[in-house]
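Have a look at the structure below before the remarks.
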Amino acid sequence: MFWKNFRRELIFTTSRLVSVVVIAAVAVLMFVALSGNTYNAERIAQQYFKKQNVADLWVTGVGFDRADFRNVSKIDGIKDVQPRTTIDAESRDFANITLALYAVPDEMNMNIPYIVEGETLSRSRDIMISDEFARANGLSVGDFYEVKLTATGDVLKLYVCALVKSPECMHHVSGTNLTPDLASYGFGYISEDALAHLTGKNNYNQICVTVTDGADLENIKAELSDCLGTKLVNILALEDNINAYELLELTNSIKTIVMVFPLIFFAVAALIMFSTMSRLIENARQTIGTFKALGYGDVQIMCYYLFYAVLVVILGYIIGVLPARALSGVVLSALFGSVDMPPHEILYSPSALVISFVITFLVCIGTAYFAAKGALSETPAECMRPKPPKKTRKTLLEQIPPVWNRLGFNTKYIFRNIMRNKSKMAICIVGITGCMTLVLTALGINDSVSSFIDRTETKLQKYDLMVTLNGTVTEAQYKHLGYLPQVEDSQYEMTMGTKIYSRNNLETVYFRVTDDQLHLKLLDLNGPETYDMPVDGVILGDDTAKDLAVMPGDEVQIKFTGDNRYYPMRVGKIIRGADGAYVSKTYWNTLGKPYTPNTAYLKTNDLEAVRNRVEDFDFVAGTEDKAAVMTSLRNQVKAITSIVYLLILFGGILAFVVLYNLGIMSFFEQIRSLATLQVLGFYDKETKRLLLTENIIFTAVGVILGVPLGKALVGAILGSIEMVKLDVAIAVLSYFAAGALTLVFAVLVNRVLGSKIKTIDMLGALKSVE
12 MFWKNFRREL IFTTSRLVSV VVIAAVAVLM FVALSGNTYN AERIAQQYFK
62 KQNVADLWVT GVGFDRADFR NVSKIDGIKD VQPRTTIDAE SRDFANITLA
112 LYAVPDEMNM NIPYIVEGET LSRSRDIMIS DEFARANGLS VGDFYEVKLT
162 ATGDVLKLYV CALVKSPECM HHVSGTNLTP DLASYGFGYI SEDALAHLTG
212 KNNYNQICVT VTDGADLENI KAELSDCLGT KLVNILALED NINAYELLEL
262 TNSIKTIVMV FPLIFFAVAA LIMFSTMSRL IENARQTIGT FKALGYGDVQ
312 IMCYYLFYAV LVVILGYIIG VLPARALSGV VLSALFGSVD MPPHEILYSP
362 SALVISFVIT FLVCIGTAYF AAKGALSETP AECMRPKPPK KTRKTLLEQI
412 PPVWNRLGFN TKYIFRNIMR NKSKMAICIV GITGCMTLVL TALGINDSVS
462 SFIDRTETKL QKYDLMVTLN GTVTEAQYKH LGYLPQVEDS QYEMTMGTKI
512 YSRNNLETVY FRVTDDQLHL KLLDLNGPET YDMPVDGVIL GDDTAKDLAV
562 MPGDEVQIKF TGDNRYYPMR VGKIIRGADG AYVSKTYWNT LGKPYTPNTA
612 YLKTNDLEAV RNRVEDFDFV AGTEDKAAVM TSLRNQVKAI TSIVYLLILF
662 GGILAFVVLY NLGIMSFFEQ IRSLATLQVL GFYDKETKRL LLTENIIFTA
712 VGVILGVPLG KALVGAILGS IEMVKLDVAI AVLSYFAAGA LTLVFAVLVN
762 RVLGSKIKTI DMLGALKSVE
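Printed below as a string of structure tokens:
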């Protein structure tokens, strides 16, 4: 009888429990799927790095030889080293198709390419080339490919022995392009013997280093700096190498979302579960009294009602987990579409499976326990009688007769019903607030990213064409660019690697010498349209200043490649979003060092004509127009906005389930009142308005409360993204759009609930409950 009654009651309570199952399932789905993204990205990257033995440090310099190689290998904490030469090249037939060549020793033991097709290097003129680059350019294993070395103009005819992917080139970008374009910029591995006639034997410009577990990278960097002296240009750690680490960098940017959004659904699931179980137990008081009278103990009756929660946990967990793996794969592909990796398998995160089950169990079982505990404290006789109505007090509005008496019947009815069900009101407002928060967060992230791109395009980058100059350019040559007929304005910049010492820290960064006045390529997104560089100090990017632990007015020591001197400089300003260090040309001249810019920014009224003219100059290494740079930037942050529609979908589900659940509850609670009104002559449309106006009121309040929460959540998420500095910039239209979407969800629920009015059985509803 005990469990037969359970099965019978379960049929009548299914509609109420379904909403809790749906919310629990969505919470589990979000948590497991989003956690699966971070888990799989980290697992795939770490396995790939380990299998291909990716370097921990890339040490770049000039004139490294075998002695340097041996000295580096003796540094404490260094596990293995591999010297090599890196050089840029271009297709012999198409100058706009370029690739980075890595000339490696015969026994390559580090940054080992993953061979997709073919065999490893065996001859001096073999090349293992990017499979994506090869596919885009019609190359296959067994073909010959001619490249021209950018630095010397020498042509190499290479035999394609293998198509590969590389752990250090998963996000392969050039110096002028922020997103990979493997059709026009690829990579390849060749034997060091292929360059021996150009660079000489035992002459390298890069040493790759792996370190022992637990080694102090900062100490190793300092020792490398002392060991290599003026030959050293830059030391790049794995986590700073965008080509290799972009996958994990993107993963870190979504960890805030993984933490916050599922918690919203779990919190709402707890509230709905408590509300549902409270109503279920309140309606089953006679049943509880009967069980007690028949001798069933409190523990048995508690288990009886906890089994509802157990069903919710099982169904919600299974329904949420099953599609989570597929959703992880979809989101992972959207987020990491620009990352070039070997085939990989998407797996469930074991920790996410356990954590989501524990949270679901605690949320559902815990709330059901507290809801049932109160009813079990009563005697059988008390349980078998209807629960006495609560003593009601006049609301604050009722105590103001001039206001209350002016209200119509409908308004009074709705207001009293809201105030008598404060818990329902709180749950509904929390759910709608969560929906508004999710939708506004989605639109706010999209707006902030779009605003950043637009402001970067219109305020920071006002040039039309970026020209890369080679190292032999003369003053007359680069100044000639500014006098070309279609060029309206020009700005120049010299970039080099340098070491900056503060009191306790050392950073190897890019050091840029700019014109005294910046007007085409600016630094500060929030600064003036034309920026005057300080003539007696250095500008640092905020990340560089943070790593050096310096503030404006502090002094740093700067050491340039090939120069043993240390140059003291005062920190003039710290700019958010800037990269490395900047000084004016005037200040640079006071140091007595030569000025040879390697980049020119041109403003032109005929882009193609200037581009064609400039590319004919021998001192020009390459060009990139602003449109291509901005496209790269848009692609770089596109991954961040790929979850916008997903958040809006989940927000809609949240609003629909909350409003539907509480609307159904409200309907059954008010069915006697609604039936009475129908007997008195109220039409269906009028009773429907009385029932459903509450949802619109709750939606309006939730929308208002969701605005500051959504804005705060946008700020938290954008603050966790390190690859670009994004400010919160939510368009006014987005506030209205988020509110309108939330209201649309409420209207859809009302249409579903409105059909219930026609099902009211007036005679059955008005029967005595005694």
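The numbering of the sequence shown is my numbering, which starts it at 12 and goes up by one. Don't be surprised by glycine CBs; every beta carbon is placed ideally from N, CA and C.
With a 10 Å radius around its C-beta and 16 neighbouring C-beta atoms as the bar for buried, classify residue i as buried or exposed.
| i | result |
| --- | --- |
| residue 411 | exposed |
| residue 528 | exposed |
| residue 562 | exposed |
| residue 22 | exposed |
| residue 723 | exposed |
| residue 19 | exposed |
| residue 224 | exposed |
| residue 706 | buried |
| residue 681 | buried |
| residue 396 | exposed |
| residue 730 | exposed |
| residue 463 | buried |
| residue 305 | exposed |
Using the Cα positions of residue i and residue j, report the straight-line distance between them to the nearest angstrom.
| i | j | result |
| --- | --- | --- |
| residue 308 | residue 436 | 34 Å |
| residue 405 | residue 357 | 59 Å |
| residue 477 | residue 161 | 18 Å |
| residue 781 | residue 700 | Only weak support exists for where residue 781 lies, its pLDDT of 46 falling under 50; the value from the coordinates is given anyway. Their backbone Cα atoms lie some 30 Å apart in a straight line. |
| residue 240 | residue 249 | 22 Å |
| residue 237 | residue 133 | 36 Å |
| residue 695 | residue 689 | 8 Å |
| residue 369 | residue 362 | 11 Å |
| residue 408 | residue 310 | 44 Å |
| residue 511 | residue 272 | 41 Å |
| residue 114 | residue 176 | 16 Å |
| residue 564 | residue 230 | 27 Å |
| residue 423 | residue 684 | 14 Å |
| residue 662 | residue 291 | 27 Å |
| residue 99 | residue 716 | 56 Å |
| residue 199 | residue 73 | 21 Å |
Give every residue of the same chain whose Cβ lies closer than 6 Å to the Cβ of residue i, excluding the five residues on either side of it in the sequence, and list them in chain order.
| i | result |
| --- | --- |
| residue 71 | 217, 244 and 245 |
Can you tell which of the options has its C-alpha closest to the C-alpha of residue i?
| i | options | result |
| --- | --- | --- |
| residue 38 | 539, 554, 345 and 329 | 329 |
| residue 503 | 519, 512, 485 and 517 | 485 |
| residue 467 | 634, 518, 533 and 442 | 533 |
| residue 88 | 170, 222, 147 and 164 | 222 |
| residue 234 | 84, 593, 274 and 200 | 84 |
| residue 95 | 121, 103 and 108 | 121 |
| residue 567 | 557, 579 and 168 | 579 |
| residue 750 | 445, 312 and 685 | 445 |
| residue 228 | 66, 156, 117 and 331 | 66 |
| residue 112 | 129, 81 and 144 | 144 |
| residue 128 | 141, 758, 136 and 487 | 141 |
| residue 586 | 168, 449, 554 and 365 | 554 |
Would you identify the three-state DSSP class for residue i, choosing helix, strand or coil?
| i | result |
| --- | --- |
| residue 579 | strand |
| residue 781 | Confidence in residue 781 is poor, its pLDDT being 46 and thus under 50, which makes the residue's placement too unreliable to answer from. |
| residue 697 | helix |
| residue 178 | helix |
| residue 195 | coil |
| residue 216 | strand |
| residue 9 | Nothing about residue 9 can be read from this structure; the chain reaches only from 12 to 781. |
| residue 523 | strand |
| residue 536 | coil |
| residue 822 | Lying outside 12 to 781, the shown extent of the chain, residue 822 is not represented and no answer is given. |
| residue 503 | strand |
| residue 818 | With the chain covering 12 to 781 only, the question about residue 818 has no answer from this structure. |
| residue 405 | coil |
Ignore the nearest five residues each way along the sequence and tell me which others in residue i's own chain have a CB closer than 7 Å to its CB.
| i | result |
| --- | --- |
| residue 495 | 621 and 624 |
| residue 336 | 47, 357 and 359 |
| residue 489 | 480, 503, 608 and 611 |
| residue 15 | none |
| residue 91 | 120, 121 and 221 |
Kindly list the residues whose CB is nearer than 8 Å to the CB of residue i, restricted to its own chain and excluding five residues on each side of it in sequence; keep chain order.
| i | result |
| --- | --- |
| residue 376 | 317, 320, 321 and 324 |
| residue 17 | 315 and 318 |
May I ask you to check if the CB of residue i is nearer than 6 Å to at least one heavy atom of the ligand ADP?
| i | result |
| --- | --- |
| residue 751 | The ligand ADP is absent from the structure shown, which contains no ligand whatsoever. |
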